[in-house]
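**Q** What follows is a structure written as C-alpha cells; I'll ask about it next.
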Amino acid sequence: MLKKTLLIAGIFTMTGCNEQDNNTTPLSETIIIAHRGASALRPEHTLAAYQKAIDDGADFIEPDLVSTKDGVLIARHENEISTTTNIATLPQFAQRKTNKVIDNENMTGWFTEDFSFAEINQLKARERIPDIRPENVKYNDQEDIPSLEQIIELAEKHYKKTGRIIGLYIETKHPSYFQNINLNLEDPLLKTLAKYQYTREIAPIYLQSFEVNNLKYMKDQLKLHKSLKNAYIIQLYAEKQSQPMDYILSGDKTTYADMATKVGLKNVARYADGVGPSKDYIVEYKPNATITRFVYNAHIAGLKVHPYTFRPENNFLAKQFQCRGDLKQRCKTGLKQELELFFKAGVDGVFIDDPFIGREALNEYDPAKTKLK
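Each residue of the sequence shown is one higher than the one before, starting from 14 at the first, in this note's numbering.
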C-alpha cells in the first residue's frame, strides 16, 4: 500500500528530457481522473458517481467545491443549482430564487451560499444534461448533495476495505466570488483535508483552480503548515483568449494563451506542480488532429499535464472521432481513438467522464502501433 502511495505521489518527480524523446510519461504513471465522478453514467457530483468511478478503475475522483452559507464545502459544478438538483420543485424554497452576477455573468436561480447545509440536505441530485445522457435520468432524485467530508470518507472507506488508494482532485469554484462574500473556500478546504489521516498522509491530493491567486495562497499554506504530505497545485486553463477571473478583477491583462507560452509555463511552474488545459491546447482538431508543443513545453518547465474533458458521446467528440447516430450516441471507439492521440502526446493523465473507458484505453495503448495523421 505504501509503495502505491509513493508511486502516485511521485508522479510529479521530473526526470531529464530532450527534444528527441519529447519527455513523455511512462504509462504506469498516467492517471485516470474521474471528472465529477463517473458522470457519463450517474448524475455528477454524487456519492454514487464517485463510487462508480472507483469501481470502474479511476485513480482520482474530482469534486468541484462551492460553499453553503454556513461555510460547509459541498460538491457542485456551480453554486447555481437549478439544473443539478430538484430545488425548483420544492415549495419551501420557491422564494429563494433570485438573480445574481457570478464572475461577470448574470444568473437566475438558486445559489448554494443562500442555504445552510441542513437545507441542502433536503435536496436531491439530478442529471445536468438529460438530453445528452437520458439513461442517467433514471437516477434522478435518489442521491444527496455530498459534502467534502462525505467524499473523503467514501474514499477512505474504500481504502480500508480494499487497500486501494483513491486520490482526490479538488477544484475550488469561483474563489474570488466566494472570497468577496466572506465565504473563502481555501481555509476550510485545507482544514478539512488536514482533519483526516487519509488526506493528510495516505492519498495524493491535487488542488486546482482556473484562478491564480488562490492557488498561490494554498501553495504558501502548504509550505507553512506541512500537514498535507501529498498535496499538489494544478493551474487550470480555460479558453485561450479568456483570463483568470482574479486577473480580470485586478486589471491584469494576462490571458490563458499568455500563460501557455514557454515563458508563461515557466511562470506557472513557480507556484504550480501541473496544469489542466482544455484539450485544444494539446491537439488542434482542424483540419486534421495535430499535436502541438504544449505538453513538451510544460514538461520542460517541470509541469505535469492533465487535459480535460474526455466524454463518450458524439456531442463532445470532434467530427473525426464520432460514430453514426445522433449527438447523444455513445461512441466508445471514437473516444478511445481520441485518448490514444493524447497518450501519444505524452499527457500525464486525463479528466474523463467514463473512467472505465479511460482505463481500458490506457491498458490497450501501444505506442509502437499508434500513428498520427
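Even for Gly, the Cβ is constructed at its ideal location relative to N, Cα and C.
None of the values given here were measured: they were computed from a predicted structure.
Using a Cβ-Cβ distance cut-off of 8 Å, determine whether Gly362 contacts chain C.
**A** Looking for chain C here will not work: only one protein chain is present.
**Q** Residues in the same chain with beta-carbon distance under 6 Å from Tyr388, minus the five sequence neighbours each way, listed in chain order, please.
**A** Examination of residue 388 is not possible in this model, given that the chain is present from 14 through 386 alone.
**Q** Just checking my contact of Asp366 with Ser52 at CB under 8 Å: how many whole Å lie between their CB atoms?
**A** So it is a contact: roughly 5 Å between Cβ atoms.
**Q** Rounding to the nearest angstrom, what Cα-Cα distance links Gly359 and Ile94 in this structure?
**A** Taking the straight line joining both Cα atoms gives about 36 Å.
**Q** Please report the residue range of the alpha helix (DSSP H) in which Pro201 lies.
**A** Note, Pro201: alpha helix (DSSP H), Glu199 to Lys208.
**Q** Kindly identify the DSSP beta-bridge partner or partners of Met120.
**A** Answer by DSSP bridge pairing, in chain order: Lys113.
**Q** With DSSP collapsed to three states, give me the class of Phe355.
**A** In this structure, Phe355 counts as helix in the three-state DSSP scheme.
**Q** If you measure between the beta carbons of Val308 and Ala302, is that distance less than 8 Å?
**A** Against a cut-off of 8 Å, the Cβ pair of Ala302 and Val308 comes out as no contact.
**Q** Looking only at DSSP bridge pairs, what is His48 linked to?
**A** Note: His48 sits in a beta bridge opposite Glu75.
**Q** What does a CB cutoff of less than 7 Å around Thr28 pick up in its chain, not counting 5 residues either side in sequence?
**A** Bear in mind that a pLDDT of 33 at Thr28, under 50, signals an unreliable position, so the model cannot answer this.
**Q** What's the call for Glu118, buried or exposed, on a 16-neighbour Cβ count within 10 Å?
**A** Its Cβ having fewer than 16 others within 10 Å, Glu118 is exposed.
**Q** What's the call for Pro39, buried or exposed, on a 16-neighbour Cβ count within 10 Å?
**A** In this prediction, Pro39 scores a pLDDT of 45, lower than 50, which makes its location untrustworthy; the coordinate-derived value is nonetheless stated afterwards. With fewer than 16 Cβ atoms within 10 Å of its Cβ, Pro39 is classed as exposed.
**Q** Are the CB atoms of Phe223 and Pro257 nearer to each other than 8 Å?
**A** Yes, these two residues count as a Cβ contact at 8 Å.
**Q** Quick check: the Cα distance between Lys174 and Ile67, rounded to an integer number of angstroms?
**A** Distance between the alpha carbons of Lys174 and Ile67: 13 Å.
**Q** Give the straight-line distance between the Cα atoms of Ile45 and Glu184, rounded to the nearest whole angstrom.
**A** Between Ile45 and Glu184, the C-alpha separation is close to 16 Å.
**Q** Between which two residues does the beta strand (DSSP E) containing Ala88 stretch?
**A** Element bounds for Ala88: Leu86 to Ala88.
**Q** Does His187 pass the burial test, meaning 16 or more other C-beta atoms within 10 Å, or should it be called exposed?
**A** His187 is buried by the Cβ-count criterion.
**Q** Can we say the region 326 to 335 touches the region 276 to 285, given the rule of at least three CB pairs closer than 8 Å?
**A** The region 326 to 335 vs the region 276 to 285: no contact.
**Q** Between the beta-carbon of Tyr321 and the beta-carbon of Glu353, is there less than 8 Å?
**A** For Tyr321 and Glu353, no; Cβs fall outside 8 Å.
**Q** Less than 6 Å between C-beta atoms, sequence neighbours within five positions excluded: which residues of the same chain meet that for Pro76?
**A** Counting only Cβ-Cβ distances below 6 Å, and skipping sequence neighbours, we find Ala88, Ile164 and Ile183.
**Q** What do you get for Leu340, buried or exposed, if any count of 16 or more other CB atoms within 10 angstroms of its CB means buried?
**A** By the 10 Å Cβ count, Leu340 comes out exposed.
**Q** Evaluate Leu237 with the Cβ neighbour count: other Cβ atoms within 10 Å of its Cβ, from every protein chain shown; 16 or more gives buried, anything less gives exposed.
**A** Exposed.
**Q** By DSSP, does Arg372 sit in helix, in strand, or in coil?
**A** Arg372 falls in the helix class under three-state DSSP.
**Q** Got a sec? Which residues, its chain only, sit under 8 Å from Arg372 by beta carbon, not counting five neighbours each side?
**A** Excluding residues within five positions, the ones whose Cβ falls inside 8 Å are Ile45, Asp69, Gly70 and Ala71.
**Q** Could you compute how far the alpha carbon of Tyr172 sits from the alpha carbon of Ala216?
**A** Their backbone Cα atoms lie some 9 Å apart in a straight line.
**Q** Identify which residue in Lys357, Lys332 and Leu136 has its Cα closest to the Cα of Gly347.
**A** The residue with the shortest Cα to Cα distance from Gly347 is Lys332.
**Q** Short check: CB of His90 to CB of Thr98, under 8 Å?
**A** No, the pair does not count as a contact, with Cβ atoms beyond the cut-off.
**Q** Give me whichever residues DSSP pairs with Arg343 in a beta bridge.
**A** Paired residue(s): Glu326.
**Q** Tell me the residue span of the beta strand (DSSP E) that contains Glu184.
**A** Start and end: Gly180 to Thr185.
**Q** What would DSSP say about Phe364, mapped onto helix, strand or coil?
**A** In this structure, Phe364 counts as strand in the three-state DSSP scheme.
**Q** Three-state secondary structure (DSSP) at Leu20?
**A** Low per-residue confidence applies at Leu20: pLDDT is 39, beneath 50, and the placement is therefore not dependable, though the value from the model is reported in the following sentence. Three-state result, Leu20: helix.
**Q** Out of Val114, Asp83 and Gly122, point me to the one whose CA is closest to Ile100's CA.
**A** Ranking Val114, Asp83 and Gly122 by Cα distance to Ile100 puts Gly122 first.
**Q** To the nearest angstrom, how far is the alpha carbon of Thr268 from that of Phe128?
**A** Cα to Cα, the separation comes out at about 34 Å.
**Q** Indicate the three-state DSSP secondary structure (helix, strand or coil) for Glu377 in the structure shown.
**A** Correct three-state label for Glu377: helix.
**Q** With distances taken Cα to Cα, identify the nearest neighbour of Gln64 among Leu78, Pro159, Pro104 and Thr102.
**A** It is Pro159 whose Cα lies nearest to the Cα of Gln64.
**Q** Would you identify the three-state DSSP class for Glu91, choosing helix, strand or coil?
**A** In the structure shown, Glu91 sits in coil (DSSP, three-state: anything other than H, G, I, E or B).
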